[in-house]
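Under this note's numbering, the first residue of the sequence shown carries the number 37, and numbering increases by one thereafter. All C-beta atoms, glycine included, are put in the ideal place defined by N, C-alpha and C. Everything on this sheet refers to the single structure shown next.
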Amino acid sequence: MSSARFGATRGCYTRCSRKSQKAREIPVQRDAPTDLAELSLADLEAWIVARGLPRFRARQIFAWVWKRGATSYDEMSDLGRHLRATLAAELPFTTPAIARQDLSEDGTRKLVLAFADRRQIECVYIPDTPSQTFCVSTQVGCAMGCAFCLTGKMGLVRHLTAGEIAAQVRVLARVTGLLDSAFNIVLMGMGEPLHNYDATMKALALLNDPHGLALPPKRVTLSTVGLVPMLDKLAAEPLMPNLAVSLHATTQEQRMAIVPPSGKYGLEAIIDACRRFPLAKRSRITFEYVMLDGVNDTVADARRLVRLLDGIKAKVNLIPLNAAPGIPFDRPSDSRVDAFARVLAERGMTVSVRRSRGRDIRAACGQLIVEGGRAKSAAQALAAAL
Ligand code: SAH
Ligand code: SF4
């Protein structure tokens, strides 16, 4: 087993709803014309060449969007007025608007972004964790319905497109002045990334392009509730991100009670998928464990967790619940969290306790929920009451 580390990490995250468990297909915005922000460099080259324009223009434009964070054709000063006008007329270029921006006393910055259809999501900048980290959403709401998750209360409103997922990064990088710096991405905002698989993978490809932000997959962590077939698919991806699995329980019965998708993908099946997940040298799967007072936080739970993860290259991230009205659980005391962590550490596991960032602006795990917007959902009513 790995050497023990019992420290503190910070992060931000989200959760899901219970009503849309059955495969209710929720499409992305329909009938939207092709948008520059959705195009890979290869697609853009094809578009440019089809119009008789020189191919190199595609790289120039792509770099303006993904390297320099431009939000309109007007900013692309080396393109020439005529070309910019042609582009503006023929290829829409959309960037989500910043509907709201909150700055936490700890430096965490939460943006509410509004898309063309007025749907909103949240994304978060977490400084110095020790790297700069952007927490990004993959859906408006979430269908998974985890019992402790505020985002889950929204249900799934719609999937985000690849361009909308990646746009959060270019907006955050521009707002924070980090376009030319190294940063990490955690797919731990609103939504379940593996439930919006293709768009999520396409977003990672857009962000990875060397002519844009050139974000390497090792700087990306995908957090999932554990949709087993998609986990297996992820295992074969060329741009495979780091994996974080939201476990939260050590028995099937216990997990069923708080993470509804467990009915379809049981604890054992998830652990098996983790065992066969290919890991690069020195890399490990992070297991997230939201601690709920009196529910999953006993020393017996901790011992079971050690047994469950035996033989997996794992690290455990304990997340004491971020409590909120409407969430029927309490946050355990620090001493209970410490006792749990100690059991893991004493048995040689790497364990950290996430000290959530940005709690004063509701940017912490399980606190991402959008107020306002068009739909008057139960979630919004709930948020308004907070
Ligand atoms: N859907 C994915 C990613 C978004 S949720 C997933 O579930 O992994 C990101 C993390 O925030 C998850 O580990 C989730 O369990 C955690 N989380 C959700 N609600 C929380 C809450 N109220 N307090 C603390 N963590 C929470
Ligand atoms: Fe969805 Fe993750 Fe929230 Fe569960 S914890 S409801 S999977 S966003």
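Can you tell me whether residue i is helix, strand or coil according to DSSP?
i: residue 322; result: strand
i: residue 168; result: coil
i: residue 277; result: coil
i: residue 231; result: helix
i: residue 272; result: coil
i: residue 355; result: strand
i: residue 133; result: strand
i: residue 379; result: helix
i: residue 224; result: coil
i: residue 152; result: coil
i: residue 371; result: helix
i: residue 240; result: helix
i: residue 207; result: helix
i: residue 76; result: coil
i: residue 266; result: helix
i: residue 335; result: helix
i: residue 292; result: helix
i: residue 217; result: coil
i: residue 255; result: helix
i: residue 287; result: coil
i: residue 390; result: strand
i: residue 70; result: coil
i: residue 212; result: coil
Could you pull out every residue in the same chain whose Cβ sits closer than 8 Å to the Cβ of residue i, ignoring the five residues on either side in sequence?
i: residue 89; result: 119
i: residue 248; result: 77, 98, 99, 101, 102, 103 and 242
i: residue 349; result: 38, 315, 319, 320 and 321
i: residue 141; result: 396
i: residue 252; result: 244
i: residue 333; result: 327, 368, 372, 373 and 376
i: residue 168; result: 161, 162, 212, 214, 217, 218, 219 and 220
i: residue 505; result: In the structure displayed, the chain extends from 37 to 422; residue 505 sits before or after that span and is not available.
i: residue 359; result: 365, 366 and 367
Grab me the residues of residue i's own chain with a C-beta within less than 7 Å of its C-beta, minus the 5 sequence neighbours each way, in chain order.
i: residue 302; result: 288
i: residue 164; result: none
i: residue 309; result: 264, 267 and 268
i: residue 59; result: Only weak support exists for where residue 59 lies, its pLDDT of 42 falling under 50; the value from the coordinates is given anyway. So the list is empty, once near-sequence residues are dropped.
i: residue 109; result: 120, 123, 124 and 129
i: residue 306; result: 262, 264 and 281
i: residue 273; result: 237
i: residue 283; result: 323, 324 and 325
i: residue 107; result: 131
i: residue 201; result: 172, 174, 235, 236 and 239
i: residue 105; result: 206, 209, 210 and 215
Where DSSP assigns a beta bridge to residue i, which residues make up the other side?
i: residue 161; result: 145 and 170
i: residue 138; result: 146
i: residue 194; result: 176
i: residue 350; result: 321
i: residue 311; result: Beta-bridge pairing links residue 311 to no other residue.
i: residue 298; result: Its beta-bridge partners do not exist; DSSP assigns none.
i: residue 385; result: None; residue 385 has no bridge partner.
i: residue 260; result: 281
To which residues of the same chain is residue i closer than 6 Å at the C-beta, ignoring the five residues directly before and after it?
i: residue 353; result: 322, 324, 388 and 390
i: residue 341; result: 286
i: residue 95; result: 247
i: residue 84; result: 93 and 94
i: residue 232; result: 174, 175 and 195
i: residue 383; result: 342
i: residue 345; result: none
i: residue 127; result: 72
i: residue 337; result: 286
With a 10 Å radius around its C-beta and 16 neighbouring C-beta atoms as the bar for buried, classify residue i as buried or exposed.
i: residue 158; result: buried
i: residue 92; result: exposed
i: residue 428; result: What the structure shows of the chain is the stretch from 37 to 422, and residue 428 is not part of that stretch, so it cannot be assessed.
i: residue 173; result: buried
i: residue 137; result: exposed
i: residue 199; result: buried
i: residue 335; result: exposed
i: residue 189; result: buried
i: residue 132; result: buried
i: residue 134; result: exposed
i: residue 181; result: buried
i: residue 300; result: exposed
i: residue 187; result: buried
i: residue 70; result: exposed
i: residue 209; result: buried
i: residue 183; result: buried
i: residue 117; result: exposed
i: residue 317; result: exposed
If you measure from the beta carbon of residue i to each beta carbon in chain C, is any gap under 7 Å?
i: residue 106; result: Absent here is chain C; the protein component of the structure consists of one chain.
* To do: Could you tell me which uninterrupted alpha helix (DSSP H) segments, each at least 4 residues in length, are contained entirely in the region 79-136, listed from first to last along the chain?
  => List check, alpha helix (DSSP H) in window: 92-102 and 117-126.
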